[in-house]
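Read top to bottom, the protein sequences are chains A and B. First residue of the first sequence: 25, per my numbering; consecutive thereafter. First residue of the second sequence: 25, per my numbering; consecutive thereafter.
2 protein chains.
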Amino acid sequence: MSLRHALLAALSQGEASGYELAKRFDVAVADYWTATPQQLYRDLERLEQDGLVEARVVEQTRRPNKRVFTMTDAGLAELRAFGERPSKPPAMRDEFLVKVQASDRTGDPAAILEAARAREARSREKLARYDQLRDRLLEGRSEEDYLRDSDEVGPYLTLMAGRMYEQLNIDWTATVIATITHRQEPAAG
Amino acid sequence: MSLRHALLAALSQGEASGYELAKRFDVAVADYWTATPQQLYRDLERLEQDGLVEARVVEQTRRPNKRVFTMTDAGLAELRAFGERPSKPPAMRDEFLVKVQASDRTGDPAAILEAARAREARSREKLARYDQLRDRLLEGRSEEDYLRDSDEVGPYLTLMAGRMYEQLNIDWTATVIATITHRQEPAAG
DNA sequence: ACCCCATATTCAACAAATTGATTAGGTGCG
DNA sequence: CGCACCTAATCAATTTGTTGAATATGGGGT
Chain A
25 MSLRHALLAA
35 LSQGEASGYE
45 LAKRFDVAVA
55 DYWTATPQQL
65 YRDLERLEQD
75 GLVEARVVEQ
85 TRRPNKRVFT
95 MTDAGLAELR
105 AFGERPSKPP
115 AMRDEFLVKV
125 QASDRTGDPA
135 AILEAARARE
145 ARSREKLARY
155 DQLRDRLLEG
165 RSEEDYLRDS
175 DEVGPYLTLM
185 AGRMYEQLNI
195 DWTATVIATI
205 THRQEPAAG
Chain B
25 MSLRHALLAA
35 LSQGEASGYE
45 LAKRFDVAVA
55 DYWTATPQQL
65 YRDLERLEQD
75 GLVEARVVEQ
85 TRRPNKRVFT
95 MTDAGLAELR
105 AFGERPSKPP
115 AMRDEFLVKV
125 QASDRTGDPA
135 AILEAARARE
145 ARSREKLARY
155 DQLRDRLLEG
165 RSEEDYLRDS
175 DEVGPYLTLM
185 AGRMYEQLNI
195 DWTATVIATI
205 THRQEPAAG
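Given below as structure tokens:
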């Protein structure tokens, strides 16, 4: 039940509504914690019931009203306790890798090629968005300076992991594409 | 319900019992599809009911008997159909990254340092095991030769992704450790 | 003898995730 | 005026995943 902690961690970066959290998760958290909006809303309810977050309604004129959530002291305490427990190993579910594993049996190299290109394109998009976020965080400073002097490094370090992961995907899909392409060619000379 | 496909993909590499699959998942599949033994047994049941795999009992004298599963033609057809559908984006759950993200608020750099070292050690172990598997697959051939000439590339390519991922973790945790260590030092000169 | 470990599988209870739909006001476009 | 899209949230049903335990056999060590 650890989406709760991912939510608390996100709220530790500042208050947000469920909708805003959904977007935050989509753009910046998805590479280490995946969740749908429905999940977020449901768990925010429960966090509120447990007193780990507080909600207040913000009335808006040109948009629907929203409920903005803030982490409570109890929430911070829970996050701290979580931080001191050993972590579960990362859990992954990646359909494309399953397809690659079975690709020698399923034939159809064209389908995998197409999927690999789609995967690469998606990773490039994510990387580009991550790079924007990075530039915004750095504000012109170098990475070394930022990591040494800024008052906050957590979000930068996780962003860095996300960037590295997307770069890995770009490199790896390139190998997959090259491999399949070469093997499709009739072995000439 | 895609553990079914991960199971079919694993069985496409050859028949296996539930117990053997659990180990296969643990050592070679875990970096792209996580599942517990209980899940495997349960889904193997269902795959059998749906006619996608077949089981036969292998009597053993020095060990408990086991049920060995084989993919059926219907199973292969299902795997092919799966291969042609678009893939869902990868889903991740990584507690340690959540802790790093919140680390500026939770204080206690010692706890994160320790967790980072544990993570690095685990990745090194996994990488070492992956390297063994790789050497066994290559049988002395170079990677380039293998990818061009061998009759099977799927398992090698997924193994490659796993190796790259563990290497990423080693590199990234090194940065985390260096960052936290530097920031803990009293800023001298 | 005793205990622990590895093989091999199963059951049940509970918690969490996924899927799909629904409601509702506002904005921008043609 | 109608349509599509964005903000904002909620509901319900079903499928998956997690946790903990139980069972049975045999091998190795002290």
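Where is the CB? At the ideal position from N, CA and C, for every residue including glycine.
- Item | According to DSSP, residues forming a beta bridge with T94/A | Looking up residue 94/A in the first sequence gives position 70. Looking at the DSSP assignment, T94/A forms a beta bridge with E78/A.
- Would the beta-carbon of R143/B fall within 7 Å of that of T197/B? Walking along the second sequence from the start, residue 143/B turns up at place 119. Walking along the second sequence from the start, residue 197/B turns up at place 173. A contact, by the Cβ cut-off of 7 Å.
- Considering R117/B, what are the terminal residues of the beta strand (DSSP E) in which it resides? The residue labelled residue 117/B in the question sits at position 93 within the second sequence. Its beta strand (DSSP E) spans residues A115 to R117.
- Message: Suppose you measure from the CA of T96/B to the CA of T130/A; what does that come to, to the nearest Å?
- Response: Counting from one through the second sequence, the residue named residue 96/B turns up at place 72. Counting from one through the first sequence, the residue named residue 130/A turns up at place 106. Each residue's Cα considered, the two are about 13 Å apart.
- Query: Is the Cβ of F93/B closer than 7 Å to any Cβ of chain A?
  - Reply: For the purposes of this step, residue 93/B is taken as the residue at position 69 of the second sequence. Chain A, which has no Cβ nearer than 7 Å to the Cβ of F93/B, makes this no.
- What's the C-alpha gap between E78/B and H206/A? To locate residue 78/B, count along the second sequence from 1; it is residue 54. To locate residue 206/A, count along the first sequence from 1; it is residue 182. About 35 Å.
- Query: Grouping DSSP H, G and I as helix and E and B as strand, with all else coil, what is D195/B?
  - Reply: The residue you call residue 195/B lines up with position 171 of the second sequence. The answer is helix: DSSP assigns D195/B an H, G or I state.
- 7 Å Cβ shell around Y189/A - same chain, five flanking residues per side excluded: Within the first sequence, residue 189/A is the residue found at index 165, counting from 1. Around Y189/A: D55.
- Could you tell me the distance, in whole angstroms, from the CA atom of A229/B to the CA atom of Q84/B? Because chain B is modelled from 25 through 213, residue 229/B falls outside the range shown and cannot be assessed.
- Along chain B, which residues have their Cβ under 8 Å away from the Cβ of G38/A? Residue mapping note: residue 38/A aligns to position 14 of the first sequence, counting from 1. Under the 8 Å cutoff, chain B gives no residues; its nearest Cβ is about 11 Å from G38/A.
- For A40/A, the three-state DSSP class (helix, strand or coil): Mapped onto the first sequence, residue 40/A falls at position 16. Looking at A40/A - three-state DSSP - the assignment turns out to be strand.
- Own chain, CB closer than 7 Å to K150/B, minus 5 neighbours either side, in chain order: Counted from its first residue, the second sequence places residue 150/B at position 126. Here the set comprises E190.
- Listed by chain order, chain A residues near T58/B by CB distance under 9 Å: For the purposes of this step, residue 58/B is taken as the residue at position 34 of the second sequence. One finds P113, P114, A115, M116 and R117 in chain A with Cβ atoms closer than 9 Å to the Cβ of T58/B, taken in chain order.
- Output the distance between the C-alpha atoms of V82/B and A59/A, rounded to the nearest integer angstrom. Working through the second sequence from its first residue, we reach residue 82/B at position 58. Working through the first sequence from its first residue, we reach residue 59/A at position 35. Taking the straight line from one Cα to the other gives about 42 Å.
- The alpha helix (DSSP H) enclosing A142/B, as first and last residue numbers: As a first step, residue 142/B must be located in the second sequence, where it is residue number 118. Residues P133 to L162.
- Query: What's the C-alpha gap between G164/B and Y170/B?
  - Reply: Position 140 of the second sequence holds residue 164/B. Position 146 of the second sequence holds residue 170/B. Roughly 9 Å separates the two Cα atoms.
- Find out if the Cβ-Cβ distance for the pair A33/B, R48/B is shorter than 7 Å. Start at 1 with the first residue of the second sequence, and residue 33/B comes out as number 9. Start at 1 with the first residue of the second sequence, and residue 48/B comes out as number 24. No, these two residues do not count as a Cβ contact at 7 Å.
- Local Cβ density within 10 Å of P110/A, reported as buried at 16 or more and exposed below that: In the first sequence, the residue the question calls residue 110/A occupies position 86. Classification of P110/A: exposed, given that the 10 Å Cβ count is below 16.
- Query: Can we say the segment 111–130 of chain B touches the segment 92–106 of chain A, given the rule of at least three CB pairs closer than 8 Å?
  - Reply: yes
- With 16 other Cβ atoms within 10 Å as the buried cut-off, status of R80/B: As a first step, residue 80/B is located in the second sequence; it is residue number 56 there, counting from the start. Counting Cβ neighbours within 10 Å, R80/B comes out exposed, since fewer than 16 surround it.
- Task: Would you mind stating whether R28/B and D67/B have Cβ atoms separated by less than 7 Å?
- Result: The residue given as residue 28/B occupies position 4 in the second sequence. The residue given as residue 67/B occupies position 43 in the second sequence. Contact: yes.
- Message: Pop quiz: L45/A and L71/A are said to be a contact at Cβ under 8 Å. What is the actual Cβ separation, rounded to whole angstroms?
- Response: Translated into positions along the first sequence, residue 45/A becomes position 21. Translated into positions along the first sequence, residue 71/A becomes position 47. 11 Å between Cβ atoms; not a contact.
- Message: Do L76/A and G99/A have their beta-carbon atoms positioned less than 7 Å apart in this structure?
- Response: By 1-based counting over the first sequence, the position of residue 99/A is 75. By 1-based counting over the first sequence, the position of residue 76/A is 52. Contact: yes.
- Roughly how many angstroms separate the alpha carbons of R87/B and A40/B, rounded to a whole number? In the second sequence, counting from the first residue as 1, residue 87/B sits at position 63. In the second sequence, counting from the first residue as 1, residue 40/B sits at position 16. Those two C-alpha atoms are separated by around 15 Å.
- Message: Distance cutoff 7 Å, beta carbons only. Does S127/B sit that close to anything in chain A?
- Response: Residue numbering aside, residue 127/B sits at position 103 when the second sequence is read from its first letter. Judged by the 7 Å Cβ criterion, S127/B is in contact with chain A.
- Task: Provide the residue span of the alpha helix (DSSP H) that contains Q84/A, from first to last.
- Result: On the first sequence, position 60 is the one that residue 84/A refers to. Looking at the DSSP string, Q84/A is not in any alpha helix (DSSP H), and its letter there is neither H nor E.
- Answer yes or no: does any C-beta atom of chain A fall closer than 7 Å to that of F49/B? Working through the second sequence from its first residue, we reach residue 49/B at position 25. No, its Cβ sits nowhere closer than 7 Å to a Cβ of chain A.
- Check whether L162/B and L183/B have beta carbons under 7 Å apart: Here residue 162/B corresponds to residue number 138 of the second sequence, with the count starting at 1. Here residue 183/B corresponds to residue number 159 of the second sequence, with the count starting at 1. Not a contact, by the Cβ cut-off of 7 Å.
- Task: Go through its chain and collect everything with a Cβ distance to V177/B's Cβ below 7 Å, but skip five positions before and after it.
- Result: What you label residue 177/B is simply residue 153 of the second sequence in a count that begins at 1. Contacts found: L171.
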